[in-house]
Each structure stands twice: as structure tokens, then as C-alpha cells.
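Residue 2 is where the sequence shown starts when you use this note's numbering, and the numbers rise one by one after that. Each residue gets a CB set at the ideal place from its N, CA and C atoms; glycine is no exception. Worksheet for the structure shown next.
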Amino acid sequence: MPMSFKPLPFFKMGSLGNCYIFIEAKNVEKYSLKKLAKEVSDTSMGIGADGLIIVDTAKPPFKMRILNRDGSPAEMCGNGIRQAALFLKSLRYPSRKKFLLVLPAGKFEAEVVSVKGSHAKIRTALGPPDFSAKAVGLINHDGLAFGIKMKYGQRKILADCVSIGNPHAIISVNNFDFDWQGAGYYICHCSLFPDGVNVHFLKAINHKCFEMRTYERGTGVTKACGSGAAACLAVGVIRGLLHRKAVAVTEGGKLELDWDFTTGMIGQTGPADIICKGVFLG
């Protein structure tokens, strides 16, 4: 059943094919956000997106709430942070270049590098990465969550796990000529991760560039994941596959990354786009 016929203004934002519906917090105070996230994300009956992001636009620092396509909450979203900066700039703060955003995972600053029409280039920093089993929600393991052995069908899997404010499992591969979508689903939902985990398959092209494929917790296959790209860089550096400065090539495009060992933060510069805006009738 529809939730409401009250017009609900929205922006649909995108980064590298990773899309979210943005709505101001003041407009959804009486809504079930879990139900709303499912409705707006639905590609047949709603707008279609990877999830819903609610932003309190009243004053900085700006609070964000992120809900996945299935209505479950997310601690953080790298692409969503860049999108939020463009959303705020376009809607309320046209002269502002820097935005401090508050997520469940912490505070993150996004800087608008350039804007051309509905397209922007935005820089932010995520992290610092935490490689402990506790941080990624991995049970029956102590210490670092590296070299976790699993099996999907006949394929042996070795996962290196890291938290970038949210949990990620990274699997290094030589190619994507296998059922990585099925493997991603299996790892995300396996008993080792009671709360689920974002899964990424990392293919190092050289020390300065890597390709990745993503299966996100609560959403499924997505074309890109900002925090996942940061997680891939962190694991790639530790494994000796990547330099601290590298380019992530996702199914939706490229993201520039750099890991500052002094602060521990992983900077990323990439696109944010306004896809459309309108009114959701429910």
C-alpha cells in the first residue's frame, strides 16, 4: 500500500552509476524511513536507486542518514558524501565550497572542486581504515581480519577485511570471468558476518591502477562504491599490490585515491551528478 499522497520533493543524485534519492530531513519527520527507502528505490514502482539519503539542511554540520535499497541503515557512503555536498550546494548553499557532514561513522568534510551544470568534481577523505576483526564484525576471529579462508562452490576464496566506518571484504582476483555476483552474495550473507559485509573483488592492473567489482550489503550489485574503493586501496597497499596513490576503475567510471599515512585518511576525488529532481507521490 502507498505510504502517502503528500508530494515529497526529491533529488536523484549519482556518482559513477551509484545512485541515491536525496530528501530533506524536515520533509520526512512522520515517515517510516525504512519503508520509504524501499519505495523510492524500487525500479518498477518507485524512482529507482541504490538507496535513500536523508539530509538535515538547516545548518552545518549537516547530518546524514543513509538507508540501503532494502531499508537497512548504513554507517557511511563515500559516493553519498560527495553527492550530499552537491545536493546542499544546489539546494541551499550556492556559495559554499566545503561541507562538514555527520554520519553514523563520524564527521567527514567534502570540498567542491568544480561545478559545471549538474555535474561536479568533489574531494573528500574517508577512514582511517581499521583492519581488526572486531571492526568488520567478523566472528570467531581475533586480531587482524586478513587471509580469511572461505569457499564458494569449487572456488577457494581468501578475503582481507577492513572497516572504513563500514565493513568490507576484499578478494584479490586475476580477472572477473567467474560468478563474482554469486560469490559476493554468499560472502555478504555468510555466518562469519552476522551483520553482513560489503564485498569487493580487486584486480590490480599495476601499482597505480586497479579495477573492482562490488556487491553491497543491503543493496546487491552496484556499479561503484566509494568506501569500497578506499577499502580496496588500503588492502592493496598492505598486500604490496598498490601504491598509496592510485586510480580505482569501477563499472561506472574512475575515482582518484590517495592514502595519507600521517593522518590515516584516504582521500578520494571523483564525480557527483544531479540526475533529476521532482516530487514523489508515494
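- In the structure shown, the three-state DSSP call for S115 is strand.
- Per DSSP, reduced to three states, the secondary structure at F262 is coil, with no helix or strand assignment.
- Inter-residue distance for A136 and V200 is about 15 Å (C-alpha atoms, whole angstroms).
- Spatial neighbours of A273 in its own chain (CB-CB distance under 6 Å, excluding positions within 5 residues in sequence) are listed in chain order as S16, R83, Q84, L87, A121, I123.
- For N80, the three-state secondary structure derived from DSSP is helix.
- Contact holds between the stretch 125 to 141 and the stretch 152 to 162, because three or more Cβ pairs, one in each stretch, are under 8 Å apart.
- DSSP places C189 inside the alpha helix (DSSP H), whose first and last residues are 181 to 190.
- Take C189, set aside five residues on each side of it, and the residues of its chain with a beta-carbon closer than 7 Å to its own are G197, V198, V200, Y216, R218, in chain order.
- Taking a C-beta distance under 9 Å as the contact criterion, G271 and G254 qualify as a contact pair.
- The secondary-structure analysis by DSSP pairs L53 across a beta bridge with I22, L68.
- Cβ-Cβ distances below 6 Å link F177 to R214 in the same chain, with the five nearest sequence neighbours on each side left out; the list follows chain order.
- G221 is not a Cβ neighbour of N80, given a cutoff of 9 Å.
- Secondary structure note for I165: it is in no alpha helix (DSSP H), with a DSSP letter that is neither H nor E.
- Secondary structure note for G271: its beta strand (DSSP E) is the uninterrupted segment 267 to 281.
- Per DSSP, the unbroken alpha helix (DSSP H) holding L234 starts and ends at 227 to 239.
- N207 is bridged by DSSP to C210.
- The beta-bridge partner set that DSSP reports for G221 consists of E217.
- Per DSSP, reduced to three states, the secondary structure at V200 is strand.
- A distance below 9 Å separates the beta carbons of F11 and F281.
- Shown here, L17 sits in coil according to DSSP, grouped into three states, outside any helix or strand.
- As the crow flies, the alpha-carbon of K64 is around 18 Å from that of S33.
- In the DSSP assignment, F109 is bridged to L102.
- Sequence-distant partners of P61 (beyond 5 residues in either direction) whose C-beta falls short of 8 Å from its own C-beta, in its chain, are F100, L101.
- When beta bridges are read from the DSSP output, T58 appears opposite no residue.
- Straight across, the Cα-Cα distance linking C233 with G265 is about 15 Å.
- Secondary structure of S45 (DSSP, three-state): coil.
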